[in-house]
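Chemist:
In my numbering, the protein residues as written are 74 to 316.
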């Protein structure tokens with residue numbers, strides 16, 4: 074994979090948003106305010122879209138509270154001034170995240186075993202059940218349904234039983250994998266690795282050339298998985314929320 078540039082990472086951030094979208098995005102300069110309706114931090118956090126002042130932070134807080142949301146900001150590494158200002162305003166770091174990326178070519182050298190991985194949309198009932206087992210709520214499933222571009226679930230079967238599930242979507246040349254859940258009884262058998270490879274094959278069929286995934290730094294097993302299949306950290310972000 075070629076050396077990452079800021080333009081590349083900017084494209085990846087756009088794809089992250091388009092493949093896991095908020096209910097609504099309100100442009101309130103200098104912010105983008107997201108209405109997440111319970112779909113999680115990523116679809117509820119505010120981000121800057123131009124130069125801001127300390128007073129603007131207070132305006133963003135009010136806008137999020139008006140939506141019934143706890144004030145929450147997503148901060149990428151390049152926003153160090155914002156990070157310091159939020160820290161000074163009493164905001165704590167929450168859920169640091171790694172963004173992993175690789176060329177789809179690196180994951181499409183070997184097909185998954187036959188009748189083990191399936192690309193399915195809309196998801197089957199068993200997939201929704203497995204997401205629920207992993208804490209993926211209806212509000213997060215609604216995020217998947219909102220995606221406008223190519224999208225699919227990935228159903229994993231192993232040992233003749235449903236073993237795991239994931240969601241993949243494409244924006245431009247970038248595919249993102251979200252909501253990967255492997256049943257506890259089916260872990261440590263390579264299921265997640267094959268699921269990611271299935272996602273890469275599907276992404277290639279949609280014309281994508283790059284596969285990405287966002288993973289909290291605290292999820293050691295997932296971080297190890299993505300590194301083991303050749304994915305590299307290309308960027309980081311975290312949230313800021315008042316304690």
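Note that CB positions come from ideal geometry on N, CA and C, so glycine has one too.
Given 8 Å as the limit, is there contact between the region 212 to 224 and the region 259 to 266, that is, 3 or more CB pairs closer than that?
Modeler: No, they do not touch.
Chemist: Please report how far the alpha carbon of residue 286 lies from the alpha carbon of residue 143, in whole angstroms.
Modeler: One C-alpha to the other measures close to 26 Å.
Chemist: Note down, one range per segment and in chain order, each alpha helix (DSSP H) of at least 4 residues found wholly within the region 110 to 177.
Modeler: As far as the region 110 to 177 is concerned, its whole alpha helix (DSSP H) runs of at least 4 residues are 127 to 139, 153 to 161.
Chemist: Going by alpha carbons, who is nearest to residue 235 out of 255, 225, 216?
Modeler: That would be 255, whose Cα lies nearest to the Cα of residue 235.
Chemist: Once you ignore the five residues that flank residue 129 on each side, which residues in its own chain have a CB closer than 6 Å to its CB?
Modeler: Around residue 129: 103.
Chemist: Work out the CA separation of residue 119 and residue 188 for me, nearest whole Å.
Modeler: Those two C-alpha atoms are separated by around 42 Å.
Chemist: Tell me, please, which residues DSSP counts as bridged to residue 227.
Modeler: According to DSSP, which records beta bridges pairwise, residue 227 is partnered with 192, 239.
Chemist: Can you name the start and end residues of the alpha helix (DSSP H) that residue 298 belongs to?
Modeler: It spans 293 to 301 - the alpha helix (DSSP H) in which residue 298 sits, taken as one unbroken run.
Chemist: Alpha carbon to alpha carbon, how far is residue 203 from residue 159?
Modeler: Distance between the alpha carbons of residue 203 and residue 159: 37 Å.
Chemist: Which stretch, first to last residue, makes up the beta strand (DSSP E) that contains residue 254?
Modeler: 247 to 255 is the extent of the beta strand (DSSP E) around residue 254.
Chemist: Where DSSP assigns a beta bridge to residue 284, which residues make up the other side?
Modeler: Its beta-bridge partners are 175, 248.
Chemist: Determine the contact status of residue 270 and residue 169, defining contact as a CB-CB distance below 8 Å.
Modeler: Contact flag unset, no.
Chemist: Short of 7 Å in beta carbon distance, which residues of its chain neighbour residue 275, apart from the five on each side in sequence? Order them along the chain.
Modeler: Only 192, 225, 241 meet the Cβ criterion.
Chemist: Note down, in chain order, each residue of its chain lying with its Cβ closer than 7 Å to the Cβ of residue 76, except the 5 sequence neighbours on either side.
Modeler: Any reading at residue 76 is ruled out, since the residue's pLDDT is 42, under 50, leaving its predicted position unreliable.
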